[in-house]
Amino acid sequence: MSRRERKKAALRAHIVAVGIELFSKQGIADVTVDQIAEAADIGKGTIYNYFETKEDIVVAFMVDLERRVQSKIARFTVSDAPLDSILADFILLHFRIKAKYLEFVRVFLGQMFLHTEQFLPYMAEMQKYIDPPLEALFGGLQKRGVIRTDVSIPELVMVFKTIHMGLSALWAIEGAPFRGAEYILRQEMKLFCEGLKVTT
Numbered sequence: 008m009s010r011r012e013r014k015k016a017a018l019r020a021h022i023v024a025v026g027i028e029l030f031s032k033q034g035i036a037d038v039t040v041d042q043i044a045e046a047a048d049i050g051k052g053t054i055y056n057y058f059e060t061k062e063d064i065v066v067a068f069m070v071d072l073e074r075r076v077q078s079k080i081a082r083f084t085v086s087d088a089p090l091d092s093i094l095a096d097f098i099l100l101h102f103r104i105k106a107k108y109l110e111f112v113r114v115f116l117g118q119m120f121l122h123t124e125q126f127l128p129y130m131a132e133m134q135k136y137i138d139p140p141l142e143a144l145f146g147g148l149q150k151r152g153v154i155r156t157d158v159s160i161p162e163l164v165m166v167f168k169t170i171h172m173g174l175s176a177l178w179a180i181e182g183a184p185f186r187g188a189e190y191i192l193r194q195e196m197k198l199f200c201e202g203l204k205v206t207t
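Every number in my numbering is 7 more than the matching position in the sequence shown, counting from 1.
Right, dumping it as C-alpha cells:
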C-alpha cells in the first residue's frame, strides 16, 4: 500500500473504532453521524467519504470480525470428532464470538437483506476471508476420508455457507440464550452430513 492508501485505511479504521465504541455505549439508534464525527475529531463529510450510513460502519466492523473468526478455523480440519460435530462446533464458534455483538449482527443482516445492492461490495470482501478457510476445511476432511470425494469442494462450500446464513439469521432473531438455534443447528448438521458420508 502507498503512504496515501495507508493513511486512508487508518482513517477508515479510526471511524469504525469510534463508531463501534459509541454504538456499544449508547445503542446504534441513539448515535448520530455528527456525534461520530465529533468523537473522531473529523468532519462529518469525511465520514461520508467512507460510509454512506452509520449502519455501513457496523457492516465494516462485522466484515473485520468475520476475518478474525475465520483465522481460527484451522483447528477444525484436524479434529477427530464426528463430522456433524465438527461442522456444528465451527458454526457455534462464530456464534460465541459474535454473541456480544448481537445488535450489530442484526444490523448487518438487515443491511444485507434490505439494501442488497449497496451491501454487495462488503459481501465480496467477506468472501475473500470466508472461502479459502472453508475450502481448506472441507478439502482436509475429504483427504482424510471423512467426506465423499465425489462432492465438489466449491459446491460444498456454497451449500454450507447457505445453511450457515440461515442458521445465523435464526440465531440473531432468537437472541440469548440461543437454545433453540443451537438445537436446530445440531439437527441440521446431522441431516446435512448424512449426504456426505463415505459409503463402501
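Ideal Cβ positions, reconstructed from N, Cα and C, are used throughout, including at glycine.
| query | result |
| --- | --- |
| Provide the residue span of the alpha helix (DSSP H) that contains residue 101, from first to last. | 90–105 |
| Could you check where the alpha helix (DSSP H) with residue 171 kicks off and where it finishes? | 160–181 |
| Less than 7 Å between C-beta atoms, sequence neighbours within five positions excluded: which residues of the same chain meet that for residue 23? | 64, 67 and 68 |
| Please return the same chain residues whose Cβ sits closer than 8 Å to the Cβ of residue 182, not counting the five positions on each side in sequence. | 109 |
| Keeping to the same chain, check which residues put their C-beta closer than 6 Å to that of residue 105; ignore five residues upstream and five downstream. | 112 |
| Could you check which residue in 123, 97 and 114 has the C-alpha nearest to that of residue 79? | 97 |
| Kindly indicate the opening and closing residues of the alpha helix (DSSP H) around residue 74. | 61–77 |
| So which of 43, 75, 20 and 168 has the shortest CA-CA distance to residue 95? | 168 |
| Please classify residue 26: is it buried, with 16 or more other beta-carbons within 10 angstroms of its beta-carbon, or exposed? | buried |
| What separation, rounded to the nearest whole angstrom, lies between the Cα atoms of residue 157 and residue 205? | 10 Å |
| Between residue 70 and residue 132, is the Cβ-Cβ spacing less than 9 Å? | yes |
| What is the DSSP secondary structure of residue 86, reduced to helix, strand or coil? | coil |
| How many angstroms separate the CA atom of residue 54 from the CA atom of residue 16? | 13 Å |
| Would you kindly report the start and end of the unbroken alpha helix (DSSP H) that includes residue 122? | No alpha helix (DSSP H) holds residue 122; DSSP gives it neither H nor E. |
| Helix or strand or just coil, what does DSSP make of residue 155? | coil |
| How should residue 91 be labelled, buried or exposed, when 16 other C-beta atoms within 10 angstroms of its C-beta is the threshold for buried? | buried |
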